[in-house]
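**Student:** Residue numbers (my numbering), protein chains in the order written: chain A, 1 to 397; chain B, 1001 to 1231.
Idealized CB from N, CA, C, for every residue including glycine.
(1) With 9 Å set as the bound, which would you pick, yes or no: does the beta-carbon of residue 391/A sit closer than that to a beta-carbon of chain B?
(2) What do you get for residue 345/A, buried or exposed, if any count of 16 or more other CB atoms within 10 angstroms of its CB means buried?
(3) Identify which residue in 34/A, 152/A, 297/A, 335/A has its Cα closest to the Cα of residue 136/A.
(4) Contact between the region 1012-1022 of chain B and the region 318-337 of chain A is defined here as three or more beta-carbon pairs at a separation below 8 Å; is this criterion met?
(5) Take residue 222/A and list the residues in its own chain whose beta-carbon comes closer than 7 Å to its own, dropping the five residues that flank it on each side.
(6) Here's the rule: buried if 16 or more other CB atoms are within 10 angstroms of the residue's CB, otherwise exposed. What is residue 19/A?
(7) Can you check whether the CB of residue 1042/B is closer than 9 Å to the CB of residue 310/A?
(8) Please work out which residues of its chain come closer than 7 Å, Cβ to Cβ, to residue 1211/B, disregarding the five sequence neighbours upstream and downstream, and give them in chain order.
(9) Nearest chain A C-beta to residue 1195/B closer than 9 Å, yes or no?
(10) Could you work out which residues of chain B lie near residue 310/A, taking near to mean beta carbons separated by less than 8 Å?
(11) Determine contact between the region 25-44 of chain A and the region 294-314 of chain A, defined as no fewer than three beta-carbon pairs at a distance below 8 Å.
(12) Could you check what DSSP says for residue 388/A in three-state terms: helix, strand or coil?
(13) Whole angstroms is fine: what's the gap from residue 1165/B's alpha carbon to residue 1198/B's?
(14) Please list, in chain order, the residues of the region 7-19 of chain A that have any C-beta partner in chain B closer than 8 Å.
(15) Can you say whether residue 10/A is buried or exposed, counting buried as having 16 or more other CB atoms within 10 angstroms of its CB?
(16) Of all the alpha helix (DSSP H) runs that stay within the bounds of the region 1074-1110 of chain B, which reach a length of 4 or more residues?
(17) Are the beta-carbon atoms of residue 343/A and residue 24/A separated by less than 9 Å?
(18) Quick one: what does DSSP say residue 1204/B is sitting in, helix, strand or coil?
(19) Use the C-beta contact count for residue 172/A: other C-beta atoms within 10 angstroms, 16 or more gives buried, fewer gives exposed.
(20) At what residues does the alpha helix (DSSP H) containing residue 317/A begin and finish?
(21) Using 8 Å as the Cβ pair cut-off and three pairs as the minimum, do the region 1143-1150 of chain B and the region 1176-1188 of chain B touch?
(22) Please name the residue, chosen from 226/A, 244/A, 274/A, 247/A, that lies closest to residue 256/A on a Cα-to-Cα basis.
(23) Use the C-beta contact count for residue 26/A: other C-beta atoms within 10 angstroms, 16 or more gives buried, fewer gives exposed.
(24) Determine, using beta carbons only, whether residue 275/A and residue 365/A come nearer to each other than 9 Å.
(25) Please give the ranges of any alpha helix (DSSP H) in the region 116-148 of chain A, keeping only runs that are unbroken, at least 4 residues long and fully inside the region.
(26) Leaving out five residues before and five after residue 1105/B in sequence, what residues of the same chain have Cβ atoms less than 8 Å from its Cβ?
(27) Of the residues 187/A, 313/A, 138/A, 37/A, which one's Cα is nearest the Cα of residue 160/A?
(28) Going by Cα to Cα distance, which pick from 220/A, 373/A, 354/A, 61/A is closest to residue 407/A?
(29) Contact criterion: CB-CB distance below 9 Å. Does residue 305/A meet it with respect to chain B?
(30) When DSSP labels each residue in this structure, what does residue 1216/B get in the three-state scheme?
(31) By Cβ distance, which residues of its chain are closer than 8 Å to residue 242/A, with the 5 residues on each side in sequence left out?
(32) What ranges does the alpha helix (DSSP H) occupy inside the region 1163-1208 of chain B, keeping only unbroken runs of at least 4 residues that lie completely in it?
(33) If we define contact as Cβ-Cβ less than 9 Å, is residue 354/A a contact residue for chain B?
(34) Around the Cβ of residue 54/A, are there at least 16 other Cβ atoms within 10 angstroms (buried) or fewer (exposed)?
(35) Which class does residue 76/A belong to by DSSP, given the choice of helix, strand or coil?
(36) To test your reading of the DSSP string, which unbroken beta strand (DSSP E) runs of 3 or more residues are found completely within the region 181-261 of chain A?
In structure tokens, the structure reads:
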């Protein structure tokens, strides 16, 4: 039976080749597109995990209202987070580091060169929390948070743009209307969450507040001792800040995990969408299979009549044509798989940073869907073949 | 013992455009085992329809058909297919060989449908083909064979299941005289093995070779003669 179907497929090479191509493209599209989506997901995940997973982020204002029940009090003007808030948060045994963050953009100039650069006000604690590394010099000194020292640490790219080939360490540059001495240059190690260490200037948080003329913080990063300590640290943050803010819980604490999960969900959806789009081409391939089977049936009407005369039962004819359709889609799927894996491989070679590899579920789903569409669209022609009137079929030559 | 074929009051009508064609009009017929019957008549006389009906390729609108004592009129498609496979062989005017299969693969087809194993298929097909002088043509494709050879392949295929009934529709209609002779000789040899042979033909010479000759006109059997020597 299988050999017979193979022979039938082999008998019409060009048509078979075209159908195989269509099916192959469909399967390959699923494989390549899902591996792109998966790659994007893994890329983002790895970027985020460089942030450190014991991290809690304190934002001013309540953006999350779930789970608070009656205790929730709506504050119309949330109090700002201040440096004193950050200092208060340090006093807990499970907190290993607190980094206040103040962000702005300022014109930075050295001699004739001027650039608009994101300015990141923080403290010495941000170095380990953000997994930053130094290329030259040292990081901000571990001083009291409210001391506005005139020192700065600059990103590698910023250094290049401002100083070119001249030494940057020890130079005084102008940020806004103040002067800062360069004490260190950051190594470029993976950007994370809105801050590219290549393109930034980090100054003490108090200096940043003076520079931007504000007393509030953008957010506070709190690192716990361990992952297990996070719930306790979170409670501590909420309790402390509530006390400091006249009993109003007007901050939001987001864990790194929550952010990761959200992104994971979004990118998973993206992958599924891509897979869905690719699946459309599989359906088109299925229709092509139906088309080819119908043409094949039209050409082999006499053969079907003959098989019936020789004693082939209707369900034998049905199986014969279904086998043919299944073979077509199976061969197409295998071909497509090879094509898709080749494409993924080429992608991985061209962009080694981007971890693109097709997920197993997508590969198996693609092959399965290919087989199913082949069979599904093979049913109609097969049933038509099985129902053929042998006398009529034999008379057509 | 009952006759191999028993037909009672068979009617078969076709709708051709506005007209109803009465292809078989109240046909009743008995054919005994081992008989050699020819059916002759002008085009449209219903002889091919009768042959198709005997071969279970077509169903009667009314009447009864018993094959080997079994009423086959009301059997399901599935059951009729099995009877075709095991008890009936067909030979057609245009050979009806599958062009992409070799001669021996064509002969093996009925065995394939019956689910016989590969080795046994090959062996039985070789035996039958050798008996028809095709031993050196096993691996040829139909388009590499002469008309006479093709028809012999078709006969080998029709008889490989050792059917009780062999139905031939204009078996020599597409052959030159000499090839036709060979083919008829082979079919007549099968009679000695006890097969029942029914041949539909326009060819009077061929028709006269049968022991029993039926003539059909307008869907009726108008004469039923036996050759003097066998009567």
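**Tutor:** Working from what's here:
(1) Locating residue 391/A in the first chain gives position 391, counting from the first residue. Yes, its Cβ sits closer than 9 Å to a Cβ of chain B.
(2) Here residue 345/A corresponds to residue number 345 of the first chain, with the count starting at 1. Residue 345/A should be labelled exposed.
(3) For the purposes of this step, residue 136/A is taken as residue 136 along the first chain, with counting starting at 1. Residue 152/A is the option with its Cα nearest to residue 136/A.
(4) no
(5) Position 222 of the first chain, counting from 1, holds the residue named residue 222/A. Excluding sequence neighbours, residue 222/A sits near 56, 58, 89, 95, 98, 233, 237.
(6) Working through the first chain from its first residue, we reach residue 19/A at position 19. It is buried - the Cβ of residue 19/A has at least 16 other Cβ atoms within 10 Å.
(7) For the purposes of this step, residue 310/A is taken as the residue at position 310 of the first chain. For the purposes of this step, residue 1042/B is taken as the residue at position 42 of the second chain. In this structure, residue 1042/B does not lie closer than 9 Å to residue 310/A by Cβ.
(8) Stepping through the second chain from its first residue, residue 1211/B is reached at position 211. For residue 1211/B, where only same-chain residues beyond five positions count, the Cβ hits under 7 Å are 1035, 1036, 1226, 1227, 1230.
(9) Residue numbering aside, residue 1195/B sits at position 195 when the second chain is read from its first letter. No, because no Cβ of chain A sits closer than 9 Å to the Cβ of residue 1195/B.
(10) On the first chain, residue 310/A is found 310 positions in, with the first residue counted as 1. Those within 8 Å of residue 310/A in chain B are 1084, 1085, 1090, 1109, 1110, 1113, 1157.
(11) no
(12) What you label residue 388/A is simply residue 388 of the first chain in a count that begins at 1. If DSSP states are grouped into helix, strand and coil, residue 388/A belongs with coil.
(13) The count along the second chain starts at 1 and reaches residue 1165/B at position 165. The count along the second chain starts at 1 and reaches residue 1198/B at position 198. Whole-angstrom Cα-Cα distance: 8 Å.
(14) 7, 8, 10, 11
(15) Translated into the one-based positions of the first chain, residue 10/A becomes position 10. With fewer than 16 other Cβ atoms within 10 Å, it is exposed.
(16) 1077-1087
(17) Translated into the one-based positions of the first chain, residue 343/A becomes position 343. Translated into the one-based positions of the first chain, residue 24/A becomes position 24. Contact: no.
(18) In the second chain, residue 1204/B corresponds to position 204, counting from 1. In this structure, residue 1204/B counts as helix in the three-state DSSP scheme.
(19) Taking the first residue of the first chain as position 1, residue 172/A is located at position 172. Per the 10 Å Cβ criterion, exposed.
(20) Counting from one through the first chain, the residue named residue 317/A turns up at place 317. Note, residue 317/A: alpha helix (DSSP H), 314-350.
(21) yes
(22) The count along the first chain starts at 1 and reaches residue 256/A at position 256. The residue with the shortest Cα to Cα distance from residue 256/A is 226/A.
(23) Taking the first residue of the first chain as position 1, residue 26/A is located at position 26. Label assigned to residue 26/A: buried.
(24) Within the first chain, numbered from 1, the residue matching residue 275/A stands at position 275. Within the first chain, numbered from 1, the residue matching residue 365/A stands at position 365. Against a cut-off of 9 Å, the Cβ pair of residue 365/A and residue 275/A comes out as a contact.
(25) 126-129
(26) Within the second chain, residue 1105/B is the residue found at index 105, counting from 1. For residue 1105/B, where only same-chain residues beyond five positions count, the Cβ hits under 8 Å are 1098.
(27) Counting from 1 along the first chain, the entry for residue 160/A is found at position 160. If we check each option's Cα against that of residue 160/A, 187/A comes out closest.
(28) There is no way to answer for residue 407/A, as the model of chain A reaches only from 1 to 397.
(29) Along the first chain, read from residue 1 onward, the residue named residue 305/A stands at position 305. For residue 305/A, the answer is yes, since a Cβ of chain B falls inside 9 Å of its Cβ.
(30) Taking the second chain and counting its residues from 1, one reaches residue 1216/B at position 216. Residue 1216/B falls in the strand class under three-state DSSP.
(31) Sequence index remark: in the first chain, residue 242/A carries index 242 (1-based). Here the set comprises 248, 249.
(32) 1177-1192
(33) In the first chain, counting from the first residue as 1, residue 354/A sits at position 354. No, residue 354/A lies away from the interface with chain B (no Cβ there is under 9 Å from its Cβ).
(34) For the purposes of this step, residue 54/A is identified with residue 54 of the first chain, where counting begins at 1. It counts as buried.
(35) Here residue 76/A is taken as the residue at index 76 of the first chain, counted from 1. With a pLDDT of 47 at residue 76/A, under the threshold of 50, the modelled position of that residue is not reliable, and the figure given next carries that caveat. Three-state DSSP puts residue 76/A in coil, outside helix and strand.
(36) 201-204, 219-224, 251-255
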